[in-house]
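Enquirer: Handing you a structure now.
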Amino acid sequence: MKTERVKNQFLLAMPNLLMAGDYFRDTITYVCDHNDKGAMGIVVNRPLKLTLADVLQQLELPNTADVEAVVLEGGPVQRNAAIILHSDDVRVEKSVAVGDGLSLTAEIDLLAAIGRGEGPSRFVVALGYAGWGSGQLEGELEANTWLTCRGSKALIFDVPFDERLDTAAKTLGIDISLMSGQSGNA
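In this note's numbering, the protein residues as written are 176 to 361.
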């Protein structure tokens, strides 16, 4: 069975197939790219105790816009890399369109523009990302490790972090808090 690509969709961690302590437990991940070489996404419901102002200061970038946005823990890969998921109204040379009016950028130029108040109108900054090798995410999807649902800018930018997983699950008609931690086969 061939698994569909899930770019521009959310992955909701299934509680029944993830072991306690698993990195992705209780997460919602926005898939930015999914192709034959693998997949890449950003966990969008794990805020750090770090603001964008802290990051700008550490990188010695301007913060004339007084940016206090919370930074996300985007995933277990390259945790020191700042990745910006943003509206595509402002882009830099290496911005990559991911769909639905969103772009992904890891360029310091965009962080500097945000600090100057010249950045995109909507953005989240994450440290790190989630990554899967060729065929890995497809295998996890076939094993029902993840629920998938359509990506949503409103969920990424407007829903409080602690409500994002439940909000996405409800678009599927599911109350994720009622899902069992047990699994089986019929």
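Heads up, the beta-carbon is just placed ideally off N, CA and C, and yes, glycines get one too.
Would you kindly work out how many angstroms separate the C-alpha atoms of residue 244 and residue 210, rounded to a whole number?
Expert: Each residue's Cα considered, the two are about 31 Å apart.
Enquirer: Applying the 10 Å Cβ sphere with the 16-neighbour rule, what's the burial state of residue 318?
Expert: It is exposed - the Cβ of residue 318 has fewer than 16 other Cβ atoms within 10 Å.
Enquirer: Tell me which same chain residues have a C-beta within less than 6 Å of the C-beta of residue 306, skipping the five on either side of it?
Expert: Hits under 6 Å: 215, 252.
Enquirer: Among residues of its own chain, excluding the 5 on either side of residue 145, which ones have a beta-carbon nearer than 6 Å to its beta-carbon?
Expert: The chain is shown only over 176 to 361; residue 145 falls outside these bounds and no answer can be derived.
Enquirer: Are the beta-carbon atoms of residue 353 and residue 187 separated by less than 8 Å?
Expert: Contact flag unset, no.
Enquirer: Under three-state DSSP, which class holds residue 194?
Expert: Unreliable positioning characterises residue 194 in this predicted model, as indicated by a pLDDT of 49, which lies under 50. A coordinate reading is not provided.
Enquirer: For residue 269, which residues of its own chain have a beta-carbon under 6 Å away from its beta-carbon, when the five flanking residues on both sides are left out?
Expert: Only 282 meet the Cβ criterion.
Enquirer: DSSP three-state call for residue 308: helix, strand or coil?
Expert: In the structure shown, residue 308 sits in a strand (DSSP, three-state: E or B).
Enquirer: What three-state label does DSSP hand residue 224 in the structure shown?
Expert: DSSP places residue 224 in strand when its eight states are reduced to three.
Enquirer: Which one or two residues does DSSP pair with residue 213 in a beta bridge?
Expert: Looking at the DSSP assignment, residue 213 forms a beta bridge with 210, 308.
Enquirer: Are the CB atoms of residue 300 and residue 247 nearer to each other than 8 Å?
Expert: Yes, they are a contact pair.
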